[in-house]
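Heads up: the sequence shown begins at 381 in my numbering, then just goes up one per residue.
Worksheet: the structure to be examined is printed underneath.
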Amino acid sequence: MNSVNFWKERFQTFNKEIQKYLRYIFNGHLLFVLIFALGGLAYYYSEWIKTLDSGFPSALILAVLLGLMVTSSPVNTFLREADMIFLLPLEKRLDDYFKRSLILSLVLQGYLLLMVLAAGFPMHSKVTRATLRDFLLIFLLMLAIKYINLLIRWHVLKFQENSTLLFDSGLRLAINIVLLYFLLSRANIILTLITSFLLIGLLLFYRQAAKAKGLKWERLIDLEGKRMMSFYRVANMFTDVPKFKEKVSRRRWLDWLLSFIPYRQSSSYTFLYARTLLRADDYFGLLLRLTVLGSFVMLAFSSIFAVLFTAVLFLYMTGLQLMAIGRNHEMKIWINLYPLPKEKRLQSIVKLLMIMLLIETVTFAAVILFTGAWVTSFAILAAGFVFMVFFRSYAAKKMTAF
(Lines of atoms letter the chains of each structure in order from A and count residues from 1; the text may use other names and numbers.)
(Lines give C-alpha, C1' and ligand atoms only; values in the text may rest on other atoms or scores of the structure.)
Protein backbone atom coordinates (compact mmCIF):
# COMPACT_ATOMS: atom_id res chain seq x y z
CA MET A 1 0.00 0.00 0.00
CA ASN A 2 1.27 3.47 -0.94
CA SER A 3 0.69 5.59 2.18
CA VAL A 4 1.11 8.89 0.30
CA ASN A 5 -1.60 8.04 -2.24
CA PHE A 6 -3.77 6.74 0.58
CA TRP A 7 -3.41 10.05 2.43
CA LYS A 8 -4.26 12.02 -0.73
CA GLU A 9 -7.38 9.93 -1.17
CA ARG A 10 -8.47 10.53 2.42
CA PHE A 11 -7.74 14.26 2.14
CA GLN A 12 -9.78 14.58 -1.06
CA THR A 13 -12.70 12.81 0.59
CA PHE A 14 -12.41 15.12 3.60
CA ASN A 15 -12.22 18.20 1.37
CA LYS A 16 -15.32 17.19 -0.59
CA GLU A 17 -17.22 16.60 2.64
CA ILE A 18 -16.28 20.03 4.00
CA GLN A 19 -17.04 21.85 0.75
CA LYS A 20 -20.44 20.17 0.53
CA TYR A 21 -21.61 21.85 3.72
CA LEU A 22 -19.67 25.11 3.53
CA ARG A 23 -21.86 26.31 0.67
CA TYR A 24 -24.86 26.04 3.00
CA ILE A 25 -23.09 27.75 5.91
CA PHE A 26 -21.65 30.66 3.93
CA ASN A 27 -24.68 31.41 1.83
CA GLY A 28 -25.11 34.94 0.50
CA HIS A 29 -27.35 36.05 3.38
CA LEU A 30 -25.06 34.95 6.19
CA LEU A 31 -21.97 36.16 4.36
CA PHE A 32 -23.46 39.64 4.09
CA VAL A 33 -24.21 39.71 7.82
CA LEU A 34 -20.67 38.55 8.68
CA ILE A 35 -19.07 41.18 6.43
CA PHE A 36 -21.28 43.88 7.93
CA ALA A 37 -20.53 42.71 11.48
CA LEU A 38 -16.78 42.49 10.91
CA GLY A 39 -16.80 45.94 9.32
CA GLY A 40 -18.56 47.42 12.33
CA LEU A 41 -16.30 45.69 14.83
CA ALA A 42 -13.21 46.74 12.85
CA TYR A 43 -14.29 50.38 13.01
CA TYR A 44 -14.81 50.39 16.77
CA TYR A 45 -11.63 48.36 17.25
CA SER A 46 -9.60 50.96 15.33
CA GLU A 47 -11.17 53.76 17.39
CA TRP A 48 -10.35 51.90 20.61
CA ILE A 49 -6.73 51.42 19.54
CA LYS A 50 -6.31 55.19 19.29
CA THR A 51 -6.96 55.47 23.04
CA LEU A 52 -4.11 53.13 24.04
CA ASP A 53 -0.86 54.31 25.57
CA SER A 54 2.54 52.72 26.15
CA GLY A 55 1.43 51.24 29.48
CA PHE A 56 -1.19 48.96 27.94
CA PRO A 57 -0.24 45.23 28.30
CA SER A 58 -0.61 44.35 24.62
CA ALA A 59 2.26 41.84 24.72
CA LEU A 60 0.68 39.92 27.61
CA ILE A 61 -2.77 39.86 25.99
CA LEU A 62 -1.41 38.59 22.68
CA ALA A 63 0.88 36.10 24.42
CA VAL A 64 -2.04 34.54 26.33
CA LEU A 65 -4.34 34.45 23.30
CA LEU A 66 -1.74 33.10 20.88
CA GLY A 67 -0.34 30.79 23.56
CA LEU A 68 -3.72 29.10 23.90
CA MET A 69 -3.92 28.65 20.12
CA VAL A 70 -0.37 27.33 19.83
CA THR A 71 -0.88 24.87 22.69
CA SER A 72 -4.08 23.50 21.16
CA SER A 73 -2.48 21.39 18.45
CA PRO A 74 -4.84 18.72 17.12
CA VAL A 75 -3.55 16.54 14.30
CA ASN A 76 -5.93 15.92 11.39
CA THR A 77 -5.48 12.20 10.76
CA PHE A 78 -8.68 11.49 8.73
CA LEU A 79 -8.91 8.11 10.47
CA ARG A 80 -12.16 6.12 10.54
CA GLU A 81 -13.54 3.47 12.86
CA ALA A 82 -12.72 0.59 10.51
CA ASP A 83 -9.05 1.66 10.35
CA MET A 84 -8.42 0.13 13.76
CA ILE A 85 -8.96 -3.27 12.16
CA PHE A 86 -7.59 -2.85 8.66
CA LEU A 87 -4.70 -0.41 9.20
CA LEU A 88 -3.39 -1.64 12.55
CA PRO A 89 -1.20 -4.34 10.92
CA LEU A 90 0.22 -1.66 8.56
CA GLU A 91 1.10 0.84 11.29
CA LYS A 92 4.84 0.84 10.56
CA ARG A 93 4.22 1.64 6.90
CA LEU A 94 2.14 4.74 7.63
CA ASP A 95 4.95 7.14 8.61
CA ASP A 96 4.56 9.22 5.44
CA TYR A 97 0.79 9.29 5.94
CA PHE A 98 1.06 10.84 9.41
CA LYS A 99 3.89 13.19 8.36
CA ARG A 100 1.55 14.68 5.78
CA SER A 101 -1.16 14.96 8.41
CA LEU A 102 1.22 16.92 10.63
CA ILE A 103 2.15 19.27 7.77
CA LEU A 104 -1.50 19.85 6.85
CA SER A 105 -2.34 20.54 10.50
CA LEU A 106 0.49 23.09 10.61
CA VAL A 107 -0.80 24.85 7.47
CA LEU A 108 -4.42 25.01 8.65
CA GLN A 109 -3.61 26.09 12.20
CA GLY A 110 -0.87 28.43 10.97
CA TYR A 111 -3.45 30.24 8.87
CA LEU A 112 -5.63 30.77 11.95
CA LEU A 113 -2.61 32.05 13.88
CA LEU A 114 -1.86 34.47 11.05
CA MET A 115 -5.40 35.89 11.15
CA VAL A 116 -5.37 36.35 14.93
CA LEU A 117 -1.90 37.88 14.90
CA ALA A 118 -2.92 40.21 12.06
CA ALA A 119 -6.00 41.27 14.02
CA GLY A 120 -4.08 41.90 17.24
CA PHE A 121 -0.92 43.42 15.77
CA PRO A 122 -2.34 46.96 15.22
CA MET A 123 -2.97 47.10 18.98
CA HIS A 124 0.54 45.85 19.69
CA SER A 125 2.07 48.22 17.14
CA LYS A 126 0.32 51.23 18.71
CA VAL A 127 1.79 50.39 22.11
CA THR A 128 5.29 49.20 21.16
CA ARG A 129 5.84 50.84 17.73
CA ALA A 130 6.38 47.39 16.20
CA THR A 131 6.87 47.34 12.42
CA LEU A 132 5.88 45.04 9.55
CA ARG A 133 9.30 43.42 9.84
CA ASP A 134 8.55 42.58 13.47
CA PHE A 135 5.20 41.12 12.42
CA LEU A 136 6.79 38.79 9.85
CA LEU A 137 9.54 37.72 12.26
CA ILE A 138 7.06 36.98 15.05
CA PHE A 139 4.82 35.00 12.70
CA LEU A 140 7.71 32.86 11.41
CA LEU A 141 8.92 32.16 14.94
CA MET A 142 5.36 31.38 15.98
CA LEU A 143 5.06 28.86 13.13
CA ALA A 144 8.20 27.13 14.38
CA ILE A 145 6.77 27.04 17.92
CA LYS A 146 3.51 25.67 16.54
CA TYR A 147 5.29 22.88 14.69
CA ILE A 148 7.19 21.88 17.82
CA ASN A 149 3.88 21.79 19.71
CA LEU A 150 2.32 19.59 17.04
CA LEU A 151 5.23 17.14 17.26
CA ILE A 152 5.04 17.05 21.05
CA ARG A 153 1.30 16.47 20.92
CA TRP A 154 1.75 13.65 18.42
CA HIS A 155 4.25 11.86 20.66
CA VAL A 156 2.15 12.40 23.80
CA LEU A 157 -0.90 10.86 22.11
CA LYS A 158 0.97 7.54 22.23
CA PHE A 159 0.81 7.51 26.03
CA GLN A 160 -2.02 5.51 27.56
CA GLU A 161 -2.55 7.70 30.64
CA ASN A 162 -4.90 10.69 30.24
CA SER A 163 -3.04 12.40 33.08
CA THR A 164 0.03 12.59 30.82
CA LEU A 165 -1.99 14.45 28.19
CA LEU A 166 -3.32 16.91 30.77
CA PHE A 167 0.12 17.49 32.28
CA ASP A 168 1.63 18.02 28.84
CA SER A 169 -1.05 20.55 27.84
CA GLY A 170 -0.63 22.54 31.05
CA LEU A 171 3.17 22.55 30.85
CA ARG A 172 3.23 23.55 27.18
CA LEU A 173 0.67 26.29 27.77
CA ALA A 174 2.87 27.86 30.45
CA ILE A 175 6.03 27.60 28.32
CA ASN A 176 4.28 28.92 25.19
CA ILE A 177 2.80 31.96 26.93
CA VAL A 178 6.12 32.87 28.54
CA LEU A 179 8.05 32.35 25.29
CA LEU A 180 5.59 34.40 23.22
CA TYR A 181 5.58 37.14 25.85
CA PHE A 182 9.37 37.34 25.68
CA LEU A 183 9.21 37.56 21.87
CA LEU A 184 6.47 40.20 21.80
CA SER A 185 7.95 42.33 24.57
CA ARG A 186 11.49 42.09 23.13
CA ALA A 187 12.84 40.68 26.37
CA ASN A 188 16.43 39.71 27.02
CA ILE A 189 17.60 37.25 24.34
CA ILE A 190 19.03 34.94 27.01
CA LEU A 191 15.58 34.52 28.63
CA THR A 192 14.02 33.85 25.22
CA LEU A 193 16.64 31.22 24.37
CA ILE A 194 16.29 29.48 27.73
CA THR A 195 12.50 29.21 27.28
CA SER A 196 12.98 27.97 23.70
CA PHE A 197 15.38 25.27 24.89
CA LEU A 198 12.80 24.17 27.47
CA LEU A 199 10.26 23.60 24.69
CA ILE A 200 12.80 21.79 22.50
CA GLY A 201 13.89 19.71 25.49
CA LEU A 202 10.27 18.74 26.09
CA LEU A 203 10.03 17.57 22.47
CA LEU A 204 13.21 15.47 22.75
CA PHE A 205 12.02 13.95 26.03
CA TYR A 206 8.61 12.87 24.72
CA ARG A 207 10.04 11.66 21.41
CA GLN A 208 12.47 9.39 23.24
CA ALA A 209 9.83 8.23 25.75
CA ALA A 210 7.33 7.39 22.98
CA LYS A 211 9.80 5.49 20.77
CA ALA A 212 8.76 2.07 22.01
CA LYS A 213 5.06 2.94 22.10
CA GLY A 214 2.57 2.24 19.33
CA LEU A 215 -0.28 4.40 18.13
CA LYS A 216 -3.38 4.53 20.30
CA TRP A 217 -5.83 3.90 17.48
CA GLU A 218 -8.98 4.19 19.56
CA ARG A 219 -7.92 7.61 20.86
CA LEU A 220 -6.91 8.91 17.42
CA ILE A 221 -10.16 7.73 15.83
CA ASP A 222 -12.18 9.20 18.71
CA LEU A 223 -10.42 12.59 18.42
CA GLU A 224 -10.94 12.66 14.66
CA GLY A 225 -14.59 11.79 15.13
CA LYS A 226 -15.04 14.61 17.64
CA ARG A 227 -13.44 17.10 15.25
CA MET A 228 -15.82 16.11 12.48
CA MET A 229 -18.79 16.20 14.85
CA SER A 230 -17.84 19.78 15.78
CA PHE A 231 -18.03 20.74 12.12
CA TYR A 232 -21.24 18.77 11.56
CA ARG A 233 -22.77 20.51 14.59
CA VAL A 234 -22.30 23.88 12.89
CA ALA A 235 -23.43 22.59 9.49
CA ASN A 236 -26.53 21.02 11.05
CA MET A 237 -27.73 24.51 11.93
CA PHE A 238 -28.06 25.29 8.23
CA THR A 239 -28.99 21.97 6.61
CA ASP A 240 -29.64 18.32 7.44
CA VAL A 241 -26.46 16.39 8.23
CA PRO A 242 -27.10 12.62 8.27
CA LYS A 243 -23.75 11.88 9.94
CA PHE A 244 -24.35 14.26 12.84
CA LYS A 245 -24.70 12.53 16.21
CA GLU A 246 -26.33 14.72 18.82
CA LYS A 247 -25.06 14.55 22.39
CA VAL A 248 -27.66 14.69 25.16
CA SER A 249 -27.29 15.38 28.91
CA ARG A 250 -30.02 14.79 31.52
CA ARG A 251 -29.68 18.09 33.47
CA ARG A 252 -32.16 17.33 36.26
CA TRP A 253 -31.34 20.67 37.87
CA LEU A 254 -33.17 22.45 35.01
CA ASP A 255 -36.37 20.39 35.24
CA TRP A 256 -38.07 23.10 37.31
CA LEU A 257 -38.12 25.36 34.25
CA LEU A 258 -40.50 22.94 32.53
CA SER A 259 -43.06 23.44 35.30
CA PHE A 260 -43.89 26.83 33.78
CA ILE A 261 -45.32 25.09 30.70
CA PRO A 262 -49.08 24.47 31.19
CA TYR A 263 -50.02 20.81 31.41
CA ARG A 264 -52.44 20.60 28.51
CA GLN A 265 -52.68 19.03 25.07
CA SER A 266 -51.91 22.23 23.18
CA SER A 267 -48.56 22.51 24.99
CA SER A 268 -47.27 19.11 23.83
CA TYR A 269 -44.89 20.50 21.23
CA THR A 270 -43.75 23.29 23.53
CA PHE A 271 -42.87 20.77 26.23
CA LEU A 272 -41.11 18.47 23.75
CA TYR A 273 -38.88 21.16 22.24
CA ALA A 274 -38.24 22.89 25.57
CA ARG A 275 -36.92 19.62 26.98
CA THR A 276 -34.90 19.10 23.80
CA LEU A 277 -33.33 22.54 24.16
CA LEU A 278 -32.43 21.95 27.81
CA ARG A 279 -31.00 18.45 27.28
CA ALA A 280 -29.24 18.77 23.91
CA ASP A 281 -25.68 19.97 24.46
CA ASP A 282 -25.64 21.74 21.09
CA TYR A 283 -28.50 24.14 21.80
CA PHE A 284 -28.05 24.65 25.53
CA GLY A 285 -24.29 25.14 25.20
CA LEU A 286 -24.74 27.44 22.21
CA LEU A 287 -27.19 29.69 24.06
CA LEU A 288 -24.93 29.82 27.11
CA ARG A 289 -21.73 30.52 25.15
CA LEU A 290 -23.18 33.25 22.94
CA THR A 291 -24.86 34.96 25.89
CA VAL A 292 -21.67 35.01 27.95
CA LEU A 293 -19.47 35.99 25.01
CA GLY A 294 -21.88 38.72 23.92
CA SER A 295 -21.92 40.15 27.45
CA PHE A 296 -18.13 40.38 27.57
CA VAL A 297 -17.91 41.93 24.10
CA MET A 298 -20.47 44.60 25.02
CA LEU A 299 -18.52 45.47 28.16
CA ALA A 300 -15.50 46.25 25.97
CA PHE A 301 -17.34 49.13 24.25
CA SER A 302 -18.19 52.55 25.64
CA SER A 303 -20.27 53.75 22.67
CA ILE A 304 -24.00 53.07 22.98
CA PHE A 305 -24.20 52.38 19.25
CA ALA A 306 -21.42 49.79 19.45
CA VAL A 307 -23.16 48.10 22.39
CA LEU A 308 -26.52 48.02 20.58
CA PHE A 309 -24.90 46.71 17.42
CA THR A 310 -23.17 43.94 19.39
CA ALA A 311 -26.38 43.00 21.23
CA VAL A 312 -28.41 42.71 18.01
CA LEU A 313 -25.59 40.82 16.29
CA PHE A 314 -25.43 38.20 19.05
CA LEU A 315 -29.22 37.94 19.15
CA TYR A 316 -29.19 37.29 15.42
CA MET A 317 -26.46 34.64 15.70
CA THR A 318 -28.31 32.94 18.55
CA GLY A 319 -31.65 32.97 16.79
CA LEU A 320 -30.20 31.82 13.48
CA GLN A 321 -28.47 28.82 15.04
CA LEU A 322 -31.27 27.88 17.44
CA MET A 323 -33.66 27.60 14.48
CA ALA A 324 -32.00 24.25 13.80
CA ILE A 325 -34.04 22.84 16.69
CA GLY A 326 -36.93 22.70 14.22
CA ARG A 327 -35.22 19.76 12.52
CA ASN A 328 -35.16 17.71 15.71
CA HIS A 329 -37.58 14.77 15.86
CA GLU A 330 -38.80 15.31 12.28
CA MET A 331 -37.59 11.84 11.28
CA LYS A 332 -39.32 10.20 14.26
CA ILE A 333 -42.63 8.66 13.31
CA TRP A 334 -44.27 9.05 16.71
CA ILE A 335 -44.30 12.83 16.45
CA ASN A 336 -46.84 12.47 13.64
CA LEU A 337 -49.17 10.68 16.04
CA TYR A 338 -49.73 13.82 18.11
CA PRO A 339 -53.43 14.79 17.72
CA LEU A 340 -52.40 18.34 16.87
CA PRO A 341 -52.18 20.28 13.59
CA LYS A 342 -48.72 20.69 12.07
CA GLU A 343 -49.02 24.46 12.37
CA LYS A 344 -49.01 24.03 16.16
CA ARG A 345 -45.54 22.52 16.00
CA LEU A 346 -44.15 25.54 14.15
CA GLN A 347 -45.91 27.95 16.51
CA SER A 348 -44.45 26.17 19.55
CA ILE A 349 -40.91 26.25 18.15
CA VAL A 350 -41.13 29.96 17.24
CA LYS A 351 -42.59 30.75 20.67
CA LEU A 352 -39.77 28.88 22.40
CA LEU A 353 -37.22 30.64 20.19
CA MET A 354 -38.63 34.04 21.18
CA ILE A 355 -38.43 33.10 24.87
CA MET A 356 -34.75 32.21 24.48
CA LEU A 357 -34.03 35.50 22.70
CA LEU A 358 -35.94 37.38 25.40
CA ILE A 359 -33.83 35.73 28.10
CA GLU A 360 -30.67 36.68 26.22
CA THR A 361 -31.89 40.27 25.73
CA VAL A 362 -32.70 40.67 29.43
CA THR A 363 -29.30 39.20 30.35
CA PHE A 364 -27.50 41.68 28.08
CA ALA A 365 -29.50 44.57 29.55
CA ALA A 366 -28.82 43.41 33.12
CA VAL A 367 -25.08 43.16 32.48
CA ILE A 368 -24.94 46.71 31.10
CA LEU A 369 -27.22 48.00 33.89
CA PHE A 370 -24.75 46.58 36.40
CA THR A 371 -22.13 49.02 35.03
CA GLY A 372 -24.46 51.97 35.72
CA ALA A 373 -25.33 52.69 32.08
CA TRP A 374 -29.11 52.55 32.56
CA VAL A 375 -29.88 54.44 29.33
CA THR A 376 -27.89 51.89 27.31
CA SER A 377 -29.54 49.07 29.25
CA PHE A 378 -33.05 50.23 28.34
CA ALA A 379 -31.91 50.83 24.76
CA ILE A 380 -30.82 47.17 24.59
CA LEU A 381 -34.27 46.07 25.76
CA ALA A 382 -35.94 48.25 23.13
CA ALA A 383 -33.60 47.07 20.36
CA GLY A 384 -34.07 43.47 21.45
CA PHE A 385 -37.87 43.70 21.30
CA VAL A 386 -37.78 45.35 17.87
CA PHE A 387 -35.39 42.66 16.64
CA MET A 388 -37.63 39.88 17.94
CA VAL A 389 -40.66 41.32 16.12
CA PHE A 390 -38.86 41.11 12.77
CA PHE A 391 -37.03 37.87 13.54
CA ARG A 392 -40.25 36.11 14.53
CA SER A 393 -41.71 36.36 11.04
CA TYR A 394 -38.34 35.54 9.46
CA ALA A 395 -37.93 32.41 11.61
CA ALA A 396 -41.46 31.20 10.89
CA LYS A 397 -40.96 31.60 7.15
CA LYS A 398 -37.53 29.96 7.24
CA MET A 399 -38.59 26.97 9.33
CA THR A 400 -41.64 26.34 7.17
CA ALA A 401 -39.16 25.27 4.48
CA PHE A 402 -37.50 22.72 6.80
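Note that beta-carbon positions come from the ideal geometry of N, C-alpha and C, so glycine has one too.
* R659 by DSSP, collapsed to three states: which one? -> helix
* Distance, Cα to Cα, I528 vs S485? -> 12 Å
* To do: Examine the Cβ distances between the stretch 466-478 and the stretch 435-453 and report whether three or more of them are shorter than 8 Å.
  => no
* CA-to-CA distance, H504 to T575, given in whole angstroms -> 22 Å
* Check whether the Cβ of L414 sits closer than 7 Å to any heavy atom of the ligand NAP, and report yes or no. => Looking for the ligand NAP in the displayed structure turns up nothing, as the structure carries no ligands at all.
* Looking only at C-alpha atoms, which of M495, M736, Y774 and V536 sits nearest to A589? -> V536
* Asked: Is I465 close to chain B, meaning its C-beta is less than 8 Å from at least one C-beta of that chain?
  -> Looking for chain B here will not work: only one protein chain is present.
* To do: Take T741 and list the residues in its own chain whose beta-carbon comes closer than 7 Å to its own, dropping the five residues that flank it on each side.
  => L695, I760, L761 and G764
* **C-beta atoms of L733 and A775 nearer than 8 Å** => yes
* To do: Thinking V687 and F681 are a contact (beta carbons under 8 Å), I'd like their distance in whole angstroms, please.
  => 5 Å
* CA nearest to the CA of T572, picked from L531, Y586 and I557 -> I557
* To do: Quick one: residues in its chain with C-beta nearer than 7 Å to the C-beta of F436, no 5 flanking neighbours on either side, listed in chain order?
  => V507
* To do: Please go through the same chain and pick out, in chain order, the residues whose beta-carbon is closer than 7 Å to the beta-carbon of L595, but skip the five residues on each side of it.
  => E471 and K538
* To do: Report yes or no: do the stretch 493-503 and the stretch 419-432 share at least 3 C-beta pairs separated by less than 8 Å?
  => yes
* **Secondary structure of N382, DSSP reduced to three states** => coil
* Taking the Cβ atom as the reference point for each residue, do L583 and L551 lie within a distance shorter than 8 Å? -> no
* Kindly give me the distance between the Cβ atoms of L579 and I525, rounded to whole angstroms, as I take these residues to be in contact under 8 Å. => 7 Å
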